[in-house]
Structures are given as C-alpha cells and as structure tokens.
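Asker: Structure below; questions to follow.
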Amino acid sequence: MGADGAAGRQGRASDPFATGRAVQGGSPVTDPAPIIALRDVCKFYGPFQALTDVNLDIRQGERVVVCGPSGSGKSTMIRCINRLEEHDTGSIIVDGVELDEETRNIRAVRQDVGMVFQQFNLFPHLTVLENLTIGPIRVRRMGRAQAEALGRKFLDRVHIPEQADKYPAQLSGGQQQRVAIARALCMEPRIMLFDEPTSALDPEMINEVLDVMVELAGTGMTMVVVTHEMGFARKVADRIVFMEAGRIVEAAPPEKFFSAPDSERARLFLNQILDH
Amino acid sequence: MDRAASLPVGKRRPSRRLRLRRAVASRPVSVLIYLAVMVLILGAAFEGAAAMGYNWQWYRIPRYFWTVGDEGFRWGEIPMGLVATLVLSTLAFALATVIGLVVALLRLSDLVVGRAVARVFLEIVRNSPLLVLLYVFYYVMGPIFGLDRYTASITCLAVFHGALISEIFRAGIESVPKGQWEAASAIGMTRGQVYRWIVLPQSVRFMLPPMTGEVVNMIKSSAIVSVIAVAELTTIGRNLISDTYMSFEIWFTIAAVYLAVTLLISAFASLLEKRHAVRD
Numbered sequence: 005m006g007a008d009g010a011a012g013r014q015g016r017a018s019d020p021f022a023t024g025r026a027v028q029g030g031s032p033v034t035d036p037a038p039i040i041a042l043r044d045v046c047k048f049y050g051p052f053q054a055l056t057d058v059n060l061d062i063r064q065g066e067r068v069v070v071c072g073p074s075g076s077g078k079s080t081m082i083r084c085i086n087r088l089e090e091h092d093t094g095s096i097i098v099d100g101v102e103l104d105e106e107t108r109n110i111r112a113v114r115q116d117v118g119m120v121f122q123q124f125n126l127f128p129h130l131t132v133l134e135n136l137t138i139g140p141i142r143v144r145r146m147g148r149a150q151a152e153a154l155g156r157k158f159l160d161r162v163h164i165p166e167q168a169d170k171y172p173a174q175l176s177g178g179q180q181q182r183v184a185i186a187r188a189l190c191m192e193p194r195i196m197l198f199d200e201p202t203s204a205l206d207p208e209m210i211n212e213v214l215d216v217m218v219e220l221a222g223t224g225m226t227m228v229v230v231t232h233e234m235g236f237a238r239k240v241a242d243r244i245v246f247m248e249a250g251r252i253v254e255a256a257p258p259e260k261f262f263s264a265p266d267s268e269r270a271r272l273f274l275n276q277i278l279d280h
Numbered sequence: 039m040d041r042a043a044s045l046p047v048g049k050r051r052p053s054r055r056l057r058l059r060r061a062v063a064s065r066p067v068s069v070l071i072y073l074a075v076m077v078l079i080l081g082a083a084f085e086g087a088a089a090m091g092y093n094w095q096w097y098r099i100p101r102y103f104w105t106v107g108d109e110g111f112r113w114g115e116i117p118m119g120l121v122a123t124l125v126l127s128t129l130a131f132a133l134a135t136v137i138g139l140v141v142a143l144l145r146l147s148d149l150v151v152g153r154a155v156a157r158v159f160l161e162i163v164r165n166s167p168l169l170v171l172l173y174v175f176y177y178v179m180g181p182i183f184g185l186d187r188y189t190a191s192i193t194c195l196a197v198f199h200g201a202l203i204s205e206i207f208r209a210g211i212e213s214v215p216k217g218q219w220e221a222a223s224a225i226g227m228t229r230g231q232v233y234r235w236i237v238l239p240q241s242v243r244f245m246l247p248p249m250t251g252e253v254v255n256m257i258k259s260s261a262i263v264s265v266i267a268v269a270e271l272t273t274i275g276r277n278l279i280s281d282t283y284m285s286f287e288i289w290f291t292i293a294a295v296y297l298a299v300t301l302l303i304s305a306f307a308s309l310l311e312k313r314h315a316v317r318d
C-alpha cells in the first residue's frame, strides 16, 4: 500500500506552491476526466435525507466554493469526498478511484485529498512540527529528516516558521488553522477540501487564513471550499455551487452567481448574507 | 490572614457559632481531634484484648522482618512474602493490561462478533465474586489446562482486573474527541495507526489516575490467593499465626505492610499526575 502511494506520487511536483497555475478556463462538462465526480449521490441520517441526487464534476485545478444555508448538506457533501461520511447511493470517483467499501481505496484517496476542518483538529499532544511530520512519517513512510524538512517548508509557506516547536494550545486560532493547512499540504495532496475553515475564528484572524488559501489557489491546487466568505469566493472561485436542503440548486461562475443567479433561492440567500 | 477584617460589618465580632466553627476547622485543633479519635479506637481495641486476657507479644514481631544472627543479616518471612506479593501482582497486572486493551478495542470495534464477545466476557467477570472465579480457575481450569496454583492465580487476577481495566481504557479512548479520529483518518492513517499515534497517547492522561487505583486494587485482591495456598504476604501471615498464635500482632503488622505499599504507590501516582498536568 505504502509502496503504490509513493510510486504514484513520483511524477508529481512535490511543492504545490511552486507549480504555476496549472489549469485555467475550460468547461467542466467537456472535460473528459474530472478529478472529482459525484453521480446521483444520496445520503441519509436515519429517516433524514442529507443529500439528494447530488451531481458534481470538478476539474483538476478548479477552485469550487460551496455555499448555502446551514443544514443544506455542504459539509456532508465534501466529507463524502474523502469518505469521512459514507454515501448511501450513487457513486463518487476521486482521482480515478471509486469510493466503496474497499478500505485500501479509501486510504489511497485520503492521501491524495487534504482536509481542513472548522475546528482545526490539530493533535494536541504533538508539537506543531510533529503534527506536520506524523503523516509523512507514518503514512508515507518518509524518513524523519526528510519529513521535517518538508514540514518546515510548509510551515514557512503558511508564514509561521517560528512556531515549529510549540504545542497547538499555545497558538492563536488563526495560527492553528494555518498549521492545519500545512499539515494537510505535507501529504502533498492533489485536492484540498476546506470545511468552513474560518467559521470558528475570531474576526481579526480570518484574513490571515484566507490569505494563505488565496496563495494556495494561485498554485493551481484543486480546491473545494465550504465557506460563507463571499469576498474570498468572488476573488478565487472558478465556480460557486449553491446548495439547499441537500440538493445542488445552482452552480455558476462567481460573476454570474453574484450578479444574476438563476434561482430565486440563491437570490434570497445572497440578499441575506450580503445585506449587512 | 484575618478574614473577619474584610467583612463589611466592620469592627463587630463574629458570632459565637462562627468563632467555634473556625476554631474547630483550624489545623492544630483538627490534628488534636484526629489524635483523640485514634487514641479512643486503639484504646478500645487494646482494652477489649486485655479483657479477653490476650497476651501481647509485640517483641516477637521484628524477627519476622529480619534477623542478625551468627550467619549475619537475614531477611525474615514478611519481606519475602511482600516480594512474592509484588511479583504476583506485577505479573497479573501486566497480563490484565493486555486483556483490558484487547477487550476495550473489541468493544469499540466494528465487528459485531468482537463486541458481543467483549460484552459477554465483561458481564460474566464483573458479576462473579473474585473468590468464586479463583476456585473456577484453580479447581476447574487448573486440571483441564494443566495450570499450577501460581499460574491459575495470576490468570484469575488478570482476568478479573482485565475486565475493570478494559472499562478504564474504553473511557479513556472515548474521551478523545471525534475530530482527532477524523483528522488522523483524513491524512490516510489506518485504524491501528490512529490508535497507536493519536488516540492512545492522548488518553493516557485520562487513564493514569484510575490505572493507579487498579494497581492498588490488584495488590489488595492478590491476598485472596492465600486460600489456595500460593506463597505471598497473606499466606505468610496465616502460616506465622498457625506457628505462633499471635493473631492480633501478625494481622496488624500484615495490614500495616499492605498499607505502606499502597500509600507509596498512591503518592508516586499523584507525583506522576502533576508531571503530566504541567505538560499541557
């Protein structure tokens, strides 16, 4: 398992920040092989249907922002992409691998998909640097020295190289979330998922996290971001996906979505969050 | 620090009842009360013993700790028994920890069979008296599996305490937030790796206090193996009494030795806890 993972990785640039903007433009419909493909995905929690017939193709290098009212299934959908939640029907194919009961597939996909959580979820018993290196060392079987060099590089990229030896509890929320982003990047993923990355932050710390995400977007990383930060969406997104009640109601480029959304629901939502 | 001075009532003296309560709560007075109670209890015991004509022979006790004779210094029976108790308890505790971890992981696993096996094991062990378990291990399992009395004792103690320890492990593991599982799985860790590198290291802090409690309990319940005549501290006590008929002195002494050991362990545990608390 570890061997396949390493071999599959060799052809890839080891530094997502260094690679230029890889893919630009192009319609997701005409793209022959989307890097993420959701087909008729449904998900139930008991009798409650969290996702209903979700269809979504995401191209490599595309930046997709997912928005919608709370409880609309945004988090559930991106958590299905790395199978933190299991979908009940339909299919999800990530980087050519179908997500099913096969745990090897799931782990292979997870190494290719980084995830950043609302609550950071750093490992409190490990230092910042150890948080970054534990994945490379234990999952990718990398040597300690190599992993630490990698960790320090990404810590540098999220602008907190001086915090390497602290414990997460000693950092501010914004710093913790940037460590969490660096931790995900240390697996050198091809896709990054963000589940409301700024919702748990104090207002003055939101920008330092968004700045890092904007920089990451500039490198051509495929990103799926659940967020209410519409300024970020306008600046970075190639496409905005609007969800309500477990369905994708609308998917449009930001220019169109913000000025002339097709659906009444989206218009109402935008009025609510942009009003003040 | 005079608390009365900070009261808003100004110069008025506190009420009589309050003054009495403070006096009783002050350290020298509480020490005096404690001493008085202890003297009363011990006095009553010795009085009772005198009334039944008990002949105290405390002077014969030291030789059971050590003797200095022609052959030089020699340890007596009681320290030997203590060492046997500690060895027995340590072996049983090590095995109990393994059993506890396995049962806890089974209970938390996705396997229906695993969970069922763990539940049945727990219910049987927790609802049987230790003494009955010991008889089952010695008189039933012993002949069947060829266990000698020492192995039977260790296995029995390990199974009994393993059930309790598994609950400690389970509580410790469940005290680690779900987000830790998600973050660790999201970087591709297997279930085993998540336990080994993320969950267990974090639950140690929660498990340390109840685990030291279990060490103390293990030492105490190891005394029960004296009923199948395994050589340890309590068995030594019984043997000494049948030789000397000094039951009061010997049982007092044996109890004091157990107390000294368990108090030492508790003190060490709180030291360890303080250390762990400082780290975060």
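Going line by line, the protein sequences match chains B and D. Each residue of the first sequence is one higher than the one before, counting from 5 in my numbering. Each residue of the second sequence is one higher than the one before, counting from 39 in my numbering. Every residue gets a Cβ at the ideal spot worked out from N, C-alpha and C, and that includes glycine. Model, not experiment: these values are computed from the prediction.
Are the CB atoms of Leu136 of chain B and Ser223 of chain D nearer to each other than 8 Å?
Answerer: Counting from one through the first sequence, the residue named residue 136 of chain B turns up at place 132. Counting from one through the second sequence, the residue named residue 223 of chain D turns up at place 185. Taking 8 Å as the Cβ cut-off, Leu136 of chain B and Ser223 of chain D do not qualify as a contacting pair.
Asker: Using a 10 Å radius around the Cβ and a threshold of 16 neighbouring Cβ atoms, would you call Ser264 of chain D buried or exposed?
Answerer: By one-based count along the second sequence, residue 264 of chain D stands at place 226. Flag for Ser264 of chain D reads buried.
Asker: Give every residue of the same chain whose Cβ lies closer than 6 Å to the Cβ of Gly180 of chain D, excluding the five residues on either side of it in the sequence, and list them in chain order.
Answerer: In the second sequence, counting from the first residue as 1, residue 180 of chain D sits at position 142. Closer than 6 Å at the Cβ level, and outside the excluded window around Gly180 of chain D, lie Ala190.
Asker: State yes or no: is the C-beta of Ser260 of chain D within less than 8 Å of the C-beta of Leu126 of chain D?
Answerer: Looking up residue 260 of chain D in the second sequence gives position 222. Looking up residue 126 of chain D in the second sequence gives position 88. Their beta carbons are under 8 Å apart, which means Ser260 of chain D touches Leu126 of chain D by this criterion.
Asker: Consult DSSP for Lys47 of chain B and reduce its assignment to one of helix, strand or coil.
Answerer: The count along the first sequence starts at 1 and reaches residue 47 of chain B at position 43. Three-state DSSP puts Lys47 of chain B in a strand.
Asker: Between Leu130 of chain B and Ala173 of chain B, what straight-line distance do the alpha-carbon atoms span, to the nearest angstrom?
Answerer: Locating residue 130 of chain B in the first sequence gives position 126, where the first residue counts as 1. Locating residue 173 of chain B in the first sequence gives position 169, where the first residue counts as 1. In a straight line, the C-alpha of Leu130 of chain B is about 10 Å away from that of Ala173 of chain B.
Asker: CA-CA distance, Arg142 of chain B and Asp57 of chain B?
Answerer: On the first sequence, position 138 is the one that residue 142 of chain B refers to. On the first sequence, position 53 is the one that residue 57 of chain B refers to. So the alpha carbons of these two residues sit roughly 37 Å apart.
Asker: Which residues of chain E have a Cβ atom closer than 9 Å to the Cβ of Gln181 of chain B, listed in chain order?
Answerer: Looking at the structure shown, chain E is missing, and the protein chains on hand are B and D.
Asker: Relative to chain B, which residues along the region 231-244 of chain D have a C-beta separation below 8 Å, given in chain order?
Answerer: Of all residues in the region 231-244 of chain D, Gln231, Trp235, Ile236, Pro239 and Gln240 have a Cβ within less than 8 Å of some Cβ in chain B.
Asker: Closer than 9 Å by beta-carbon distance: list the chain B residues that pair up with Met227 of chain D, in chain order.
Answerer: Numbered from its first residue, the second sequence carries residue 227 of chain D at position 189. Neighbours of Met227 of chain D on chain B, chain order: Arg111, Arg114, Ile138, Gly139, Arg142 and Val143.
Asker: Which chain B residues sit within Cβ distance under 8 Å of Ser223 of chain D?
Answerer: Stepping through the second sequence from its first residue, residue 223 of chain D is reached at position 185. Result: Leu88 and Arg114.
Asker: Any Cβ of chain D within less than 8 Å of the Cβ of Met119 of chain B?
Answerer: As a first step, residue 119 of chain B must be located in the first sequence, where it is residue number 115. Judged by the 8 Å Cβ criterion, Met119 of chain B is in contact with chain D.
Asker: Do Thr300 of chain D and Val254 of chain D have their C-beta atoms closer together than 8 Å?
Answerer: The residue you call residue 300 of chain D lines up with position 262 of the second sequence. The residue you call residue 254 of chain D lines up with position 216 of the second sequence. Cβ distance < 8 Å, so Thr300 of chain D and Val254 of chain D count as in contact.
Asker: Counting only Cβ pairs nearer than 8 Å, list the residues of chain D close to Gln123 of chain B.
Answerer: Within the first sequence, numbered from 1, the residue matching residue 123 of chain B stands at position 119. Ordered by position in chain D, the residues that pass the 8 Å Cβ test against Gln123 of chain B are Gly217.
Asker: I'd like to know whether the C-beta atoms of Thr231 of chain B and Phe198 of chain B end up nearer to each other than 8 Å.
Answerer: The residue labelled residue 231 of chain B in the question sits at position 227 within the first sequence. The residue labelled residue 198 of chain B in the question sits at position 194 within the first sequence. Closer than 8 Å, so yes.
Asker: Name the DSSP bridge partner or partners of Thr93 of chain B?
Answerer: Locating residue 93 of chain B in the first sequence gives position 89, where the first residue counts as 1. In DSSP, Thr93 of chain B forms a bridge with B:Cys46.
Asker: Are Cys190 of chain B and Phe236 of chain B close, meaning C-beta to C-beta below 8 Å?
Answerer: Sequence index remark: in the first sequence, residue 190 of chain B carries index 186 (1-based). Sequence index remark: in the first sequence, residue 236 of chain B carries index 232 (1-based). Contact: no.
Asker: Rounded to whole angstroms, what's the CA-CA distance from Met249 of chain D to Leu144 of chain D? Just pull it up for me.
Answerer: Position 211 of the second sequence, counted from the first residue, corresponds to residue 249 of chain D. Position 106 of the second sequence, counted from the first residue, corresponds to residue 144 of chain D. So the two alpha carbons sit approximately 20 Å from each other.
Asker: What separation, rounded to the nearest whole angstrom, lies between the Cα atoms of Val197 of chain D and Val163 of chain D?
Answerer: Taking the first residue of the second sequence as 1, we reach residue 197 of chain D at position 159. Taking the first residue of the second sequence as 1, we reach residue 163 of chain D at position 125. Answer to the nearest angstrom: the Cα atoms are 8 Å apart.
Asker: Alpha carbon to alpha carbon, how far is Phe127 of chain B from Gly81 of chain D?
Answerer: In the first sequence, residue 127 of chain B corresponds to position 123, counting from 1. In the second sequence, residue 81 of chain D corresponds to position 43, counting from 1. Using only the alpha carbons, I get a separation of about 58 Å.
Asker: Excluding the 5 residues preceding and the 5 following Ala37 of chain B in the sequence, name in chain order all residues of the same chain whose CB lies nearer than 8 Å to its CB.
Answerer: Start at 1 with the first residue of the first sequence, and residue 37 of chain B comes out as number 33. Within the same chain, Ala37 of chain B has close Cβ partners Gly100.
Asker: For chain B, find out if any of its Cβ atoms is closer than 8 Å to the Cβ of Ser53 of chain D; answer yes or no.
Answerer: The count along the second sequence starts at 1 and reaches residue 53 of chain D at position 15. So no, Ser53 of chain D is outside the interface.
Asker: Quick one: residues in its chain with C-beta nearer than 6 Å to the C-beta of Ile279 of chain D, no 5 flanking neighbours on either side, listed in chain order?
Answerer: Position 241 of the second sequence, counting from 1, holds the residue named residue 279 of chain D. When the five nearest sequence neighbours on each side are left out, the beta carbons in the same chain lying within less than 6 Å of the beta carbon of Ile279 of chain D are those of Ser285 and Ile288, in order along the chain.
Asker: Would you say Gly94 of chain B and Asp169 of chain B are within 8 Å of each other, going by their C-beta atoms?
Answerer: For the purposes of this step, residue 94 of chain B is taken as residue 90 along the first sequence, with counting starting at 1. For the purposes of this step, residue 169 of chain B is taken as residue 165 along the first sequence, with counting starting at 1. No, the pair does not count as a contact, with Cβ atoms beyond the cut-off.
Asker: Given this structure, state the Cα-to-Cα distance separating Ile79 of chain D from Gly110 of chain D, to the nearest angstrom.
Answerer: Against the second sequence, residue 79 of chain D aligns to sequence position 41. Against the second sequence, residue 110 of chain D aligns to sequence position 72. Each residue's Cα considered, the two are about 40 Å apart.
Asker: Relative to the alpha-carbon of Leu205 of chain B, which residue among B:Gly177, B:Arg114, B:Gln276 and B:Phe48 has its alpha-carbon at the smallest distance?
Answerer: Mapped onto the first sequence, residue 205 of chain B falls at position 201. Measuring from the Cα of Leu205 of chain B, the nearest candidate turns out to be B:Gly177.
Asker: So does the region 180-196 of chain B actually touch the region 111-126 of chain B, counting three or more Cβ pairs closer than 8 Å?
Answerer: yes
Asker: Can you give me the C-alpha to C-alpha distance between Val155 of chain D and Leu55 of chain B, rounded to a whole angstrom?
Answerer: Within the second sequence, the letter at position 117 stands for residue 155 of chain D. Within the first sequence, the letter at position 51 stands for residue 55 of chain B. Between Val155 of chain D and Leu55 of chain B, the C-alpha separation is close to 36 Å.
Asker: Does Glu311 of chain D get closer than 8 Å to chain B when you measure Cβ to Cβ?
Answerer: In the second sequence, residue 311 of chain D corresponds to position 273, counting from 1. Not an interface residue.
Asker: Trp96 of chain D by DSSP, collapsed to three states: which one?
Answerer: Here the question's residue 96 of chain D lines up with position 58 in the second sequence. Trp96 of chain D: helix per DSSP, three-state reduction.
Asker: Could you pull out every residue in the same chain whose Cβ sits closer than 7 Å to the Cβ of Arg269 of chain B, ignoring the five residues on either side in sequence?
Answerer: Walking along the first sequence from the start, residue 269 of chain B turns up at place 265. By the criterion of a C-beta distance shorter than 7 Å, Arg269 of chain B is surrounded in its chain by Glu248 and Val253, once the five residues flanking it on both sides are discounted.
Asker: Can you check whether the CB of Ala201 of chain D is closer than 8 Å to the CB of Phe159 of chain D?
Answerer: One-based indexing of the second sequence puts residue 159 of chain D at position 121. One-based indexing of the second sequence puts residue 201 of chain D at position 163. Yes. Within cutoff.
Asker: Quick one, which residues of the region 145-168 of chain B are near chain D if we go by CB-CB under 8 Å, in chain order?
Answerer: none
Asker: I believe Val70 of chain B touches Val240 of chain B by the beta-carbon criterion, under 8 Å. Please report the beta-carbon distance rounded to the nearest angstrom.
Answerer: Here residue 70 of chain B corresponds to residue number 66 of the first sequence, with the count starting at 1. Here residue 240 of chain B corresponds to residue number 236 of the first sequence, with the count starting at 1. The pair is not a contact, with the Cβ atoms about 13 Å apart (cut-off 8 Å).
Asker: Span of the beta strand (DSSP E) holding Met119 of chain B?
Answerer: Counting from 1 along the first sequence, the entry for residue 119 of chain B is found at position 115. That run of the beta strand (DSSP E) goes Val117 to Val120.
Asker: Taking only beta-carbon atoms, is Met191 of chain B less than 8 Å away from chain D?
Answerer: Numbered from its first residue, the first sequence carries residue 191 of chain B at position 187. At least one beta carbon of chain D lies nearer than 8 Å to the beta carbon of Met191 of chain B.
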